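The structure appears right after this line, and notes come after that.
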Amino acid sequence: MQRTISAMVGKGSVNHNSRKFKAENVNADRSHLNIDYCNENIKKVYHELFDEALGRYNAKQTRADRKIENYYEKIRSSKQEKPFHELILQIGDKENMSAESENGQLARQVLDEYYRGFQERNSQLRVFSAHLPMDEATPHLHIDFVPFTTGSKRGLDTRVSLKQALAAQGFKGGSRSETEWNQWVQSEKKQLAAVMERYGIKWERKGTHEKHLSVLDYKKQEREKEVEKLGGQIEQKQVELKDNKSLIVPLAVVLLSVISCLLSADIFTSFYGYLDRSEGMLTILGYWGLFAAGMTVTADDRRIKLSDFIVGIGAFEAIVGILQAIPATAKIVPNYFKEIFSGFSSGGMTYTKEYIATGFLCTPFALAAVLTVISAFALNGMLYDDKKARKIFYAISLALMTAADILACVVPAILGLGAVYVISLIIAAVKSGFAKDKKPFIVCLVAFIVAGGIFAGLFASNEFRLMDEKIIFHDSFDRLSITGTGRGDDTEQWIYPYLWDDGMYTAEQNLIWGTGPDNWGTIFESGAIIDRSYNEYIDLLQSRGLIIFALTIVFLIMTIVKMCKLVAGFMKDKNSWTGCAVSAAVLCYLIQAFFNISSVTSSPYFWIAAGLVWSFTAVKSSAKKKS
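Residues 13 to 639, numbered by my numbering, are exactly what the sequence shown covers, in order.
Here it is, written out as C-alpha cells:
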C-alpha cells in the first residue's frame with residue numbers, strides 16, 4: 013500500500029479543532045471517535061513560558077514605556093511573529109483513506125503513534141492544542157504550538173521566534189525553498205513515513221502539498237461511485253479473512269469437528285444437537301460464523317454501535333430476570349425454566365417456591381454467561397466513552413445486570429460478574445498510572461465497592477444462597493427423564509467435582525474423537541445422571557476429543573495474546589475502549605466457563621466478542637499482505 017503525505021499550514025482555529033464550534037463538514041455522529049490530546053489556554057502557556065523572562069526584562073528597563081505588561085498581547089499585535097503556528101498532517105485522501113473505512117482507522121493509528129513522539133522531538137515547540145478528528149472526510153492531525161528560543165541577547169532572553177526555535181533544533185535556513193520551516197516539515201514527514209512503514213504503508217512522494225479540505229460536500233458525481241466503493245469494501249473484507257494465516261487454527265477445528273460428528277454413535281444427534289439444546293455440528297458452524305462476522309467489524313464506530321445494541325439486550329434481559337426473582341411479579345413474567353418444572357418435587361427438594369432470574373434464556377446459567385460478556389461492555393463504556401448519554405445508559409444497564417446476576421443464584425454468575433469488576437478495576441488502576449485522568453479508576457472502584465457490598469450484605473444476612481445443584485438436577489430431570497435426583501452417598505461432595513469426574517471418565521473412554529458434538533449416548537454407560545459436565549472445557553474434551561480440544565486451546569491462547577496487545581494499546585491510547593471491553597468480555601467468559609456450559613442462547617455473545625478481538629488486527633494483517 014502506498015499513500016501520500018500532506019503537510020499544511022493551518023489557520024489555527026482551536027475552537028473548530030476542539031469542536032466547540034462545528035463546521036458544515038463535520039459529521040457529529042462520529043465526533044466521539046476524535047482524539048483530543050491537549051487543549052490548553054494559550055494565555056496560560058504564555059505565562060508558563062515567558063513570565064520569568066518578562067520579569068527579568070522589565071527589571072532592566074529604566075523607562076516605563078519600554079516595559080511590557082502583557083507579552084501575549086504584544087506578540088498578537090506584532091507583524092514579525094505570530095502567537096502560535098499550526099501544522100496539519102494527513103495520510104492519503106478521502107478516496108483511499110476515508111475516515112469511515114478500515115483504511116481510515118489505520119490512518120488514525122499511524123497518526124496517533126506519530127504524535128506521541130512529536131513534543132519530545134520538538135523541544136522548542138510548545139504544543140498547547142492537538143487534535144485528531146475522525147468526523148471529517150479524512151483523518152488528519154492538527155498540532156498547534158508556540159515556538160520559542162532561549163538565551164536571546166535582544167528583547168526577552170526567552171521569547172517567541174519560529175526561525176530561532178527551528179534553528180535550535182538543527183534546521184538552518186539556506187535557499188528560498190530551503191527555509192527552516194520547509195526543512196523541518198520535510199523532517200516531520202520522514203518521521204511520519206517511518207511510522208507508516210511499520211504499518212505496511214509506503215510513502216508515495218508527489219512533491220506537492222495537498223490542500224486541507226475543510227469543507228466537503230458529497231456531490232452527485234461522488235454518489236455515482238458508491239457501488240464501486242461498496243464492491244471494493246466487500247473485496248477488502250474478504251482479503252482480511254483470507255490473508256490472516258492464523259485462521260487456519262479455527263478452520264482446522266471446524267473440519268475436524270465434522271470427523272468427530274461422522275464417527276459418533278448417533279450422527280443425527282451429533283449434527284442437529286440433543287433434544288431442544290441443539291448444540292450439534294450445525295450450531296458449531298454457526299458459532300464460527302459469528303466469530304468471522306465479528307472479525308469483519310473493523311471500524312471502531314461500528315464496534316461502539318454494536319456495543320450499544322448488546323448492552324441494550326443485556327439491560328432488557330436483566331429487567332426480566334429481576335422481575336422473575338420477585339415473588340410479587342414472578343407470576344406474570346414469563347419464565348420458561350419455572351413453567352417446565354412447576355410442581356416437581358423429588359428427594360426432599362421442591363422447586364415451586366424458588367424465584368430465580370433467568371431472563372428469556374431458559375436457565376440462570378445461560379443468563380450468567382450472557383451478562384458476564386455484556387457487563388464488560390457496559391462497565392468499560394461507562395468508564396471511558398466520551399458521550400455523557402452513553403455513560404448514563406451503560407451505568408444504568410450495568411446496575412440492572414449486576415442485580416440480575418446476583419439473583420441468578422449460581423456460581424458462574426457471581427464468578428463472571430466478579431471477574432468483570434476485578435479485571436476492569438486492575439486495568440483502570442494501571443491506566444491511571446499512565447494518564448492524568450484518575451476518574452475512571454475512582455468510578456470503577458466505587459462501582460466495585462457498591463456491588464461487592466450489596467452481595468456481601470445479602471450473603472451475611474442469609475438472604476443469598478447458591479442454587480447450582482438444585483437447578484442442575486432440576487434441568488436434567490426434564491431432559492433425561494430421570495426418576496430421582498439423589499446422589500446416594502455422594503451428597504457431601506460439591507456438585508461440580510462430582511460432574512467433572514463423570515465428564516473426565518467419559519472423555520477417557522472416547523479420548524481421540526470424543527462422543528461427537530452434543531452426542532451423549534456413551535455418557536449413560538458410565539452411570540451418569542447428568543448430561544453435561546458444567547465445565548465447558550471438559551464438555552469440549554468429552555464431546556469432540558483430544559485433538560480438537562488441543563487446537564481450541566491454541567486458538568484461545570492466540571486470542572488471549574491479542575487481548576493483551578489490545579489492553580496494552582489501550583493503556584497508551586492507541587485504540588479505543590472497545591478493545592479493552594472485548595478483551596475483558598472474552599476473558600471473563602472463559603473464567604466463568606469452568607462452572608458453566610455452552611448454550612445456543614448465550615454462547616453467540618462470546619463468539620462475537622472473540623471475533624471483535626481479532627478484528628483489531630484484521631486490517632493490519634491485510635495491509636501488510638497487500639504492500
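C-beta: ideal position from N, C-alpha, C; glycine also. These numbers come from a predicted model, not from an experiment.
In chain order, which continuous runs of the alpha helix (DSSP H) of length 4 or greater are located wholly inside the region 58-118? 83-88
Can you give me the Cβ contacts of Gly528 inside the same chain, cut-off strictly under 6 Å, excluding the 5 residues immediately before and after it? Ser272, Cys273, Ser276, Ser282
Answer yes or no: do Ala369 and Leu419 have a C-beta to C-beta separation smaller than 7 Å? yes
Going along the chain, which residues of its own chain have a beta-carbon closer than 7 Å to the beta-carbon of Ala597, five neighbours each way excluded? Val385, Ala388, Phe389, Ala621
So what's Met307 in DSSP terms, helix, strand or just coil? helix
The alpha helix (DSSP H) enclosing Val594, as first and last residue numbers: 589-604
Mind pulling the alpha helix (DSSP H) runs of 4 or more residues that sit fully within the region 327-353? 339-342, 348-353
Would you decide whether Glu132 is buried or exposed? Buried here means 16 or more other CB atoms lie within 10 Å of its CB. So Glu132 counts as exposed.
How far does the alpha helix (DSSP H) with Thr281 in it extend, from its first residue to its last? 279-284
On the three-state DSSP scale, how would you describe Asp41? Three-state result, Asp41: helix.
What does the Cβ neighbour count give for Gln117, buried or exposed, with the cut at 16 atoms within 10 Å? Counting Cβ neighbours within 10 Å, Gln117 comes out buried, since at least 16 surround it.
Check whether Ile100 and Met20 have beta carbons under 7 Å apart: yes
Within its chain, find whatever has a CB closer than 7 Å to the CB of Thr613; leave out the 5 residues flanking it on each side and keep chain order. Around Thr613: Leu373, Cys374, Ala378.
Which runs of the alpha helix (DSSP H), 4 residues or longer, sit entirely within the region 166-223? 174-180, 192-210
Less than 6 Å between C-beta atoms, sequence neighbours within five positions excluded: which residues of the same chain meet that for Leu553? If we look at Leu553 and ignore the five residues flanking it on each side, its Cβ neighbours are Ala519, Phe561.
Does the beta-carbon of Asp77 have 16 or more other beta-carbons within 10 angstroms, so that it is buried, or is it exposed? exposed
Distance, Cα to Cα, Ala149 vs Asp313? 14 Å
Near Met479, which residues of its chain fall below 8 Å by C-beta distance, leaving aside the five closest residues on each side in sequence? Excluding five sequence positions before and after Met479, the CB atoms of its chain that fall closer than 8 Å to its own CB belong to Glu366, Ile368, Pro376, Cys421, Val422, given in chain order.
Among the candidates Gly557, Tyr508, Gly67, whose CA atom is the shortest distance from the CA of Ala605? Tyr508
7 Å Cβ shell around Lys215 - same chain, five flanking residues per side excluded: Lys is not the amino acid found at residue 215; the sequence shown has Trp there. Cβ neighbours of Trp215 beyond the five flanking positions: Ile17, Ala205, Met208.
Mapping DSSP to helix, strand and coil, what is Gln136? coil
Just to confirm, are Gln198 and Phe183 a CB contact at a threshold of 7 Å? At least 7 Å separates the beta-carbon of Gln198 from that of Phe183.
In three-state terms, what does DSSP make of Tyr7? Since the displayed the chain opens at 13 and closes at 639, residue 7 lies outside it and no answer follows.
Can you have a look at Tyr617 and say buried or exposed, based on whether 16 or more other CB atoms are within 10 angstroms of its CB? Classification of Tyr617: buried, given that the 10 Å Cβ count is 16 or more.
Runs of alpha helix (DSSP H) wholly within the region 388-414 (minimum 4 residues, chain order): DSSP runs (the alpha helix (DSSP H)) wholly in the region 388-414: none.
Check Val442 in the structure and name its three-state DSSP category. helix
Kindly indicate which residue of Val573, Thr414, Glu98 has the alpha-carbon position closest to the one of Gly22. Glu98
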